[in-house]
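Peer 1: Here it is, the structure, as structure tokens.
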Ligand SMILES: NC(=O)c1ccc[n+]([C@@H]2O[C@H](COP(=O)([O-])OP(=O)(O)OC[C@H]3O[C@@H](n4cnc5c(N)ncnc54)[C@H](O)[C@@H]3O)[C@@H](O)[C@H]2O)c1
């Protein structure tokens, strides 16, 4: 008998760290994690961790020979800035890696006679607005608008959303017998901010970097202009979005890819807020023109009407609560205890 379990790829990253802590508290869930890196301290004892590459097909085969996987949270990826430095490698990990897991999930769905749930975090990087004028004209984009990403990461995310939908609805559509298909669901996240981890490799990182630097008493030079506006969300809401989408009956879903968001603000407003809590913070602006171009192509806000209507999505933390109740107290105690 194989043991039943949930698989989390990319589990040693920012979202993985928070997702493990949340899922591990739920009774009767065996969690298997897979990442190139070891897990963050504190997580090793609550899950079964495999250090390895999602591209390693014999490793994936070994995993399914041991475990009956009912749900996959596929988080492993190369993020937007890192992907621009190694675009072909990003394509391999972000697209071929995702494809390998979709194939695994679809074989497992067939074998179980029941769909494997496949949860995929997509991103605002799937959007690409041509210039600032259009960005101002479309302040809250809908899922189907402006799907013209200008980064390798954004192209990878958009294509993987489509692959996931294909594997959920049309896989082997010409075969005599329709296979049991997997159940793919995705959220397009804005920039995420955690109080407990510092991001790396993303292009929305200036927000969290500004805050963590201020708490550490270090100066920070923000790599985008003061007027740059994108949406953000704090990590507890991101985890809630993944879990809430996962538990919604499929009949309630009118789409498979949903925008979710919490608040939008400019880099200057971000700085003002940080200064309110850390009045001695030294934050300057030193835009990096190339990274600026990427952030300028991302929407200033997301319209998450469909997620709210279909599965009752609503962020717990608005801008004020995010800073006053989650970010600042936890970040202060994190660095105080170091
Ligand atoms: N953090 C954000 O702001 C944000 C926003 C939108 C979407 N997302 C998406 O959420 C997911 C998780 O993001 P994160 O912020 O935790 O990123 P992260 O960079 O902190 O974590 C990614 C993890 O994937 C692992 N990984 C990379 N390549 C791998 C491979 N070949 N095999 C196994 N593991 C591999 C890395 O070691 C890392 O631990 C990603 O898919 C990302 O695109 C994140």
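Residue numbers (our numbering): -12 to 325. Ideal Cβ positions, reconstructed from N, Cα and C, are used throughout, including at glycine. Source: prediction; values computed, not measured.
(1) Just to confirm the assignment, what range does the alpha helix (DSSP H) spanning residue 119 have?
(2) Tell me, to the nearest whole angstrom, how far the beta carbon of residue 268 is from that of residue 201; I am working on the premise that it is less than 8 angstroms.
(3) I'd like to know if the region 153 to 161 and the region 202 to 220 are in contact, where contact means that at least 3 CB-CB pairs between them fall below 8 angstroms.
(4) Output the boundary residues of the beta strand (DSSP E) element that contains residue 179.
(5) If you drop the 5 nearest sequence neighbours on each side, which residues of the same chain put their C-beta closer than 7 angstroms to that of residue 127?
(6) Which complete alpha helix (DSSP H) runs does the region 246 to 317 hold, if anything under 4 residues is left out?
(7) Name the residue from 52, 315, 141 and 230 whose alpha carbon lies nearest to the alpha carbon of residue 198.
(8) Let me check you understand the geometry: is the CB of residue 176 closer than 7 angstroms to at least one non-hydrogen atom of ligand 1?
(9) Are there any heavy atoms of ligand 2 lying less than 7 angstroms away from the beta-carbon of residue 110, as far as the coordinates show?
(10) Name the DSSP bridge partner or partners of residue 214?
(11) Mind the definition here: the region 4 to 21 touches the region 29 to 38 only if three or more C-beta pairs lie below 8 angstroms; say whether that holds.
(12) So is residue -10 buried or exposed if we call it buried at 16+ other beta carbons inside 10 Å?
(13) Let me check you understand the geometry: is the CB of residue -4 closer than 7 angstroms to at least one non-hydrogen atom of ligand 1?
(14) Let me see if you follow: with CB-CB separation under 8 angstroms, is residue 81 close to chain D or not?
Peer 2: In short:
(1) Position 132 of the chain shown, counted from the start, is the residue given in the question as residue 119. That run of the alpha helix (DSSP H) goes 119 to 124.
(2) Taking the first residue of the chain shown as 1, we reach residue 268 at position 281. Taking the first residue of the chain shown as 1, we reach residue 201 at position 214. About 4 angstroms separates the two Cβ atoms, so the contact holds.
(3) no
(4) Translated into positions along the chain shown, residue 179 becomes position 192. Counting along the chain, the beta strand (DSSP E) containing residue 179 begins and ends at 178 to 180.
(5) Numbered from 1 along the chain shown, position 140 holds the residue referred to as residue 127. Counting only Cβ-Cβ distances below 7 angstroms, and skipping sequence neighbours, we find 288, 289 and 290.
(6) 254 to 264, 276 to 283 and 292 to 298
(7) To locate residue 198, count along the chain shown from 1; it is residue 211. Considering only alpha carbons, the answer is 315.
(8) Within the chain shown, numbered from 1, the residue matching residue 176 stands at position 189. Within the cutoff, so yes.
(9) Looking for ligand 2 in the displayed structure turns up nothing; the ligands present are ligand 1.
(10) Translated into the one-based positions of the chain shown, residue 214 becomes position 227. Answer is none; residue 214 lacks a bridge partner.
(11) yes
(12) As a position in the chain shown, residue -10 is number 3, starting the count at 1. With fewer than 16 other Cβ atoms within 10 Å, it is exposed.
(13) As a working note, residue -4 is residue 9 in the chain shown. Flag set: Cβ of residue -4 near ligand 1.
(14) Of the chains in the structure shown, none is chain D; there is only one protein chain.
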